[in-house]
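Numbering (the working numbering), first residue to last: 22 to 382.
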């Protein structure tokens, strides 16, 4: 399929999905909402040779679909997490090919992400979801295992808000069954103290985000020498060399969100104290992206904190009156669209173009 037709297909799937989800949420219909979540899942399921790591996951399926549980526990657990191994086994048992693996991965990623969005940002769920589809979801077609882990971690963020450390830790551990890098996010729970009291300023957000990112960086040499560390970071060498131009564009896009959230920090937090945590996550994401120039681990770890930026963008319209709010909503959607066009289409990040079909056989 030519690139321009592929672009139109992606955009059609994302915008149709968002519109249907909007009406599903508005009418409080789980059936309509589920139908709305379907287009991006099918986009992932029908693809063939789309995404930087597509061939690697095909090879992974071929290798681990033949590996029994005992053999996996003895030899294979150093190469792939148990959650994804189980997904491969289920796909092989039900369809004897990798198509279900790709489809199920996308379904889990989309559903978990939307559950988190609905819990954290119920009044702007559709806009937050659209921003996610245009900014992060295309990347999950590449980093499939981590895409699941990230979406489950988004749910864990809700347990920071509700102050349930046990559920937070349990959810992060479940996420680590698909990608062990999720374990690096365990200390993020302490960010709840940033919005527990009004005395914490925007400066505190920046300071704590930089301190947390630096602490993980200092611990990195230790964790890399463990089996979990090797599994979590082993394939990141290729991402450390991401094109500088692409990295700069991504950093600038994320920095724009942090700047906007910083300017309207007061009104955002007054309307919803939870926004203090979301702003912190947006700052943490930016700090991780900055450290990504040193290690590819941080470039990928940044995605765990990306929910903060999505929510900040979707919350900005609520700072203004009704007429102004519509303009700001359009600007937020335009930002996400511009990100997709520049990063994924023009710069070719994640190798999503041209789109080719062949899955769900």
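From the three backbone atoms N, C-alpha and C, an ideal C-beta is built for every residue, glycine too.
Owing to the predicted nature of the structure, the values given are computational and were not obtained by experimental measurement.
Report task. Following the continuous alpha helix (DSSP H) through residue 20, name the residue where it begins and the one where it ends. Result -> Nothing in the structure corresponds to residue 20, since the chain is present only between 22 and 382.
Requested in this report: Would you grab the beta carbon distance between residue 402 and residue 162 for me? Rounded to a whole angstrom, and I think it's under 8 Å.
Outcome: What the structure shows of the chain is the stretch from 22 to 382, and residue 402 is not part of that stretch, so it cannot be assessed.
Query raised in the report: What residues in its chain sit with their C-beta under 7 Å from that of residue 358, if we drop five residues either side in the sequence?
Result: The residue you call residue 358 lines up with position 337 of the chain shown. Excluding residues within five positions, the ones whose Cβ falls inside 7 Å are 155.
**Report entry** Length of the line joining the Cα atoms of residue 361 and residue 194
**Finding:** Locating residue 361 in the chain shown gives position 340, where the first residue counts as 1. Locating residue 194 in the chain shown gives position 173, where the first residue counts as 1. Whole-angstrom Cα-Cα distance: 31 Å.
Report task. Taking 8 Å as the cut-off, decide whether the C-beta atoms of residue 128 and residue 174 are in contact. Result -> Looking up residue 128 in the chain shown gives position 107. Looking up residue 174 in the chain shown gives position 153. Contact: no.
Report task. Have a look at residue 312 and residue 52 and give me their C-alpha separation to the nearest angstrom. Result -> Sequence index remark: in the chain shown, residue 312 carries index 291 (1-based). Sequence index remark: in the chain shown, residue 52 carries index 31 (1-based). Their backbone Cα atoms lie some 42 Å apart in a straight line.
Query raised in the report: Whole-angstrom Cβ separation of residue 226 and residue 301, contact assumed at under 8 Å?
Result: Position 205 of the chain shown, counted from the start, is the residue given in the question as residue 226. Position 280 of the chain shown, counted from the start, is the residue given in the question as residue 301. Confirmed, about 5 Å.
Report task. Report buried or exposed for residue 337, applying the criterion of at least 16 other Cβ atoms within 10 angstroms of its Cβ. Result -> Translated into positions along the chain shown, residue 337 becomes position 316. Its Cβ being crowded by 16 or more others within 10 Å, residue 337 is buried.
Query raised in the report: Going by C-alpha distance, which of 281, 140, 109 is nearest residue 166?
Result: For the purposes of this step, residue 166 is taken as residue 145 along the chain shown, with counting starting at 1. Checking every option, the nearest Cα to that of residue 166 belongs to 109.
Query raised in the report: Do residue 179 and residue 39 have their C-beta atoms closer together than 8 Å?
Result: Your numbering for residue 179 matches position 158 in the chain shown. Your numbering for residue 39 matches position 18 in the chain shown. Taking 8 Å as the Cβ cut-off, residue 179 and residue 39 do not qualify as a contacting pair.
Query raised in the report: Helix, strand or coil: how does DSSP classify residue 295 here?
Result: Here residue 295 refers to the residue found at position 274 of the chain shown. Coil.
Query raised in the report: If you draw a straight line from the alpha carbon of residue 117 to that of residue 171, how long is it in whole angstroms?
Result: Along the chain shown, one-based indexing puts residue 117 at 96. Along the chain shown, one-based indexing puts residue 171 at 150. Computed Cα separation, rounded: 27 Å.
Query raised in the report: I think residue 169 touches residue 210, with their Cβ atoms under 8 Å apart; what is that distance to the nearest whole Å?
Result: As a first step, residue 169 must be located in the chain shown, where it is residue number 148. As a first step, residue 210 must be located in the chain shown, where it is residue number 189. That belief does not hold up - the Cβ atoms of residue 169 and residue 210 are roughly 20 Å apart, past 8 Å.
**Report entry** Whole-number beta carbon distance between residue 54 and residue 42, since they are thought to touch under 8 Å
**Finding:** The residue given as residue 42 occupies position 21 in the chain shown. The residue given as residue 54 occupies position 33 in the chain shown. About 6 Å; that satisfies the 8 Å criterion.
Report task. Determine the closest residue to residue 141 out of 335, 342, 368, with distance taken between C-alpha atoms. Result -> Taking the chain shown and counting its residues from 1, the one referred to as residue 141 is at position 120. Closest by alpha carbon: 335.
Query raised in the report: Does DSSP classify residue 73 as helix, strand or coil?
Result: As a working note, residue 73 is residue 52 in the chain shown. In the structure shown, residue 73 sits in coil (DSSP, three-state: anything other than H, G, I, E or B).
Query raised in the report: Opposite residue 7 in the DSSP bridges: which residues?
Result: Because residue 7 is not part of the residues shown, which for the chain are 22 to 382, the question remains open.
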